[in-house]
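Chains as they are written, first to last, in our numbering: chain W, 68 to 288; chain V, -3 to 453. By construction, the Cβ of each residue, glycine as well, lies at the ideal position given by its N, Cα and C atoms. Scroll down for the structure; my scribbles are underneath it.
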Ligand code: SF4
Ligand code: SF4
């Protein structure tokens, strides 16, 4: 057990980071190196950089397309995405050593869990969604819900100091092996998910740059 | 013909060869479609659309085919997945080794038949792509699928044998030779004289003119009011213009390659460019034909270098709009007193951004212009898109009416217009059928026809 724990807490994070970065590099390079496709934009599209960034922010923050055209999955999807955003902010604050990170981590985990569970329920309850779903579509939601749930049961507020030292240890390539076992499970799940991202459509957030900037949005007129 | 997918059959047995072994060649053609060299024209959006669909179903919420009866077989993702499952099974690591996980499936001859038919149940209107949160393009996947099918010899004869191939051979997809074409022009001149009471000469094959006007050749027979209207407007504007006969090369703006094959598309567009160069026109004006405009205005840009296209391209809509604004032509809206509405053709609107020009023209030349809803970027495809307007075999007209026509008919009834103004030849074909089929108390008219009717001389 100690060896496994050592692997997950002390070695795997570096592997995960490396594979995540390499995987994304490979994927994005493939997209970026693609020959320029024929004009295929859809009108109207935002013209200036400011307009484009504006539209991007609105889409990322409130999931505008879903709000307008697919309301039934909008709320759970919004909760899930906001959960992820909060988690990321929490992680940043944690790295910076700010106690407020606990709040963000907690809110993130709650939103992520509710959102992912909500999406599983919606996906299962509408026939038109069920019939276009493969096992993968449920597995990734279950994974996200599990990350949220295990984070909640690990009692994050209490773990704050431990986590802070752990992250700092990782960053200085001198991980603190004395990590609390309550963090073990969410940490493992999170890493599996991060490993999965570049090789699945969980990279859609990066794909969006290309689908919007290179295809859907044409040149300024 | 046996039914293979639903109650319609677009591809005849002769073309589809449903009993033959075609899977290996399909897979080979698909492999080539996935090469950034062989398929550079659409490689990036193709790959992105294959790899990043989140299965959220937003596309289905706006798809005119699916929304009509919510039949699962017409779900945009279900259709795109027919191709995606093959992609995953044969061309991705996960799909090869863990097919059940991602829903990858072996391709069988029966599935190939279904795919081929299914890919002719979507007009590539791209309404779905406009709202997709990830900007995944189910329409594009359909078009790519059609390209693969064409590469193994499966394409509707209306679009290929009697479409692109006939156009390249005869100069137009209607198969009209020069004498017949010239007769037709004379006839139209007489018709204008009879109805309007003045003489007008329609110039043909004039070299070095400012404007070469190329219509969808189908208009000469089916929608001659548009051709006559355009002639009247060009005449009233007092510009140096000409039509052209098949003697000069291609005299048909259509490019059905846009609907099913980049190879055919390129051949046709090259022939059109050659013709324009030969006639030495400064501007090639695309008549009332949406896809022809998209092709010559946008798709051509990265396909043929600018220096090989030494002329401007304009839609007749842009010209009429400019001329009205400049006062070059004068219109009196009271000559078109009936309530008029405008249908945004997908190819003019979402795909080319010509939203304001037709509206300004109609507001200037009609007394009562009213919008139909939804419109502009959310306009519903009429159902004539991607070649459908000229496809009738296998009870297909019924499909066009039941799945697209119904929505359009309801929109027209709602806004009480008596005239539906149309700027696209394929839309005209479809609306002619919709009006008959649903017995609507309206008529359709080309924009040029309405402007001509409002001309003040
Ligand atoms: S809206 Fe886009 S991401 Fe959602 S299911 Fe349709 S194609 Fe896929
Ligand atoms: S392109 Fe149009 S018809 Fe085809 S799936 Fe999308 S919305 Fe439906």
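Consider the Cβ of residue i: report whether some Cβ of chain W lies at a distance smaller than 8 Å.
{"i": "residue 122 of chain V", "result": "yes"}
{"i": "residue 49 of chain V", "result": "yes"}
{"i": "residue 1 of chain V", "result": "no"}
{"i": "residue 311 of chain V", "result": "no"}
{"i": "residue 41 of chain V", "result": "yes"}
{"i": "residue 245 of chain V", "result": "no"}
{"i": "residue 37 of chain V", "result": "yes"}
{"i": "residue 257 of chain V", "result": "no"}
{"i": "residue 373 of chain V", "result": "yes"}
{"i": "residue 389 of chain V", "result": "no"}
{"i": "residue 321 of chain V", "result": "no"}
{"i": "residue 268 of chain V", "result": "no"}
{"i": "residue 66 of chain V", "result": "yes"}
{"i": "residue 4 of chain V", "result": "no"}
{"i": "residue 454 of chain V", "result": "The question about residue 454 of chain V has no answer here: the residues shown for chain V are numbered -3 through 453."}
Residues of chain W with CB under 9 Å from residue i, in chain order?
{"i": "residue 160 of chain V", "result": "Within chain W, no residue comes near residue 160 of chain V; the closest Cβ sits about 17 Å away, beyond 9 Å."}
{"i": "residue 338 of chain V", "result": "Correct list: empty, because the minimum Cβ distance to chain W is about 16 Å."}
Name the chain W residues whose beta carbon is nearer than 8 Å to that of residue i?
{"i": "residue 131 of chain V", "result": "275, 278, 279, 282 and 283"}
{"i": "residue 346 of chain V", "result": "109 and 110"}
{"i": "residue 297 of chain V", "result": "105 and 106"}
{"i": "residue 44 of chain V", "result": "98, 274, 277, 278 and 282"}
{"i": "residue 74 of chain V", "result": "198 and 199"}
{"i": "residue 77 of chain V", "result": "199"}
Are the C-beta of residue i and some C-beta of chain V separated by less than 8 Å?
{"i": "residue 251 of chain W", "result": "no"}
{"i": "residue 204 of chain W", "result": "yes"}
{"i": "residue 153 of chain W", "result": "no"}
{"i": "residue 239 of chain W", "result": "no"}
{"i": "residue 146 of chain W", "result": "no"}
{"i": "residue 184 of chain W", "result": "no"}
{"i": "residue 101 of chain W", "result": "yes"}
{"i": "residue 140 of chain W", "result": "yes"}
{"i": "residue 198 of chain W", "result": "yes"}
{"i": "residue 118 of chain W", "result": "no"}
Can you name the residues that DSSP bridges to residue i?
{"i": "residue 308 of chain V", "result": "V:279"}
{"i": "residue 319 of chain V", "result": "For residue 319 of chain V, which the question treats as bridged, DSSP gives no partner whatsoever."}
{"i": "residue 365 of chain V", "result": "V:336"}
{"i": "residue 207 of chain V", "result": "V:237 and V:279"}
{"i": "residue 327 of chain V", "result": "V:451"}
{"i": "residue 177 of chain W", "result": "Answer by DSSP bridge pairing: none, since residue 177 of chain W is not bridged."}
Reducing DSSP to helix, strand and coil, say where residue i ends up.
{"i": "residue 143 of chain W", "result": "helix"}
{"i": "residue 441 of chain V", "result": "strand"}
{"i": "residue 149 of chain W", "result": "helix"}
{"i": "residue 213 of chain W", "result": "helix"}
{"i": "residue 71 of chain W", "result": "helix"}
{"i": "residue 162 of chain V", "result": "helix"}
{"i": "residue 451 of chain V", "result": "strand"}
{"i": "residue 418 of chain V", "result": "strand"}
{"i": "residue 296 of chain V", "result": "coil"}
{"i": "residue 246 of chain V", "result": "coil"}
{"i": "residue 120 of chain V", "result": "coil"}
{"i": "residue 200 of chain V", "result": "strand"}
{"i": "residue 128 of chain W", "result": "helix"}
{"i": "residue -3 of chain V", "result": "coil"}
{"i": "residue 285 of chain V", "result": "coil"}
{"i": "residue 93 of chain V", "result": "helix"}
{"i": "residue 110 of chain W", "result": "coil"}
What residues of chain W sit near residue i, judged by a beta carbon separation below 7 Å?
{"i": "residue 205 of chain V", "result": "Chain W residues near residue 205 of chain V: none, gap ~28 Å exceeds 7 Å."}
{"i": "residue 126 of chain V", "result": "109"}
{"i": "residue 98 of chain V", "result": "201 and 203"}
{"i": "residue 58 of chain V", "result": "136"}
{"i": "residue 54 of chain V", "result": "132, 133, 136 and 137"}
{"i": "residue 349 of chain V", "result": "110 and 111"}
{"i": "residue 32 of chain V", "result": "101 and 102"}
{"i": "residue 454 of chain V", "result": "This structure cannot settle anything about residue 454 of chain V, because the visible part of chain V is limited to -3 through 453."}
So which residues of chain V does residue i contact, with C-beta pairs closer than 8 Å?
{"i": "residue 130 of chain W", "result": "129"}
{"i": "residue 268 of chain W", "result": "47, 48, 49 and 50"}
Run through chain B and tell me which residues come within less than 7 Å of residue i, C-beta to C-beta.
{"i": "residue 93 of chain V", "result": "Judged by its chain identifiers, the structure shown contains no chain B, and its protein chains are W and V."}
Give the interface partners of residue i over in chain V, defined as CB-CB distance under 7 Å, in chain order.
{"i": "residue 122 of chain W", "result": "Those within 7 Å of residue 122 of chain W in chain V number zero; the least Cβ separation is about 11 Å."}
Go through the residues and name those whose CB comes closer than 7 Å to any heavy atom of ligand 2, in chain order. Every residue with a CB closer than 7 Å to a heavy atom of ligand 2 is listed here in chain order: V:55, V:58, V:59, V:60, V:61, V:62, V:72, V:75, V:118, V:119, V:120, V:121, V:122, V:123, V:124, V:125, V:134, V:135, V:138 and V:377.
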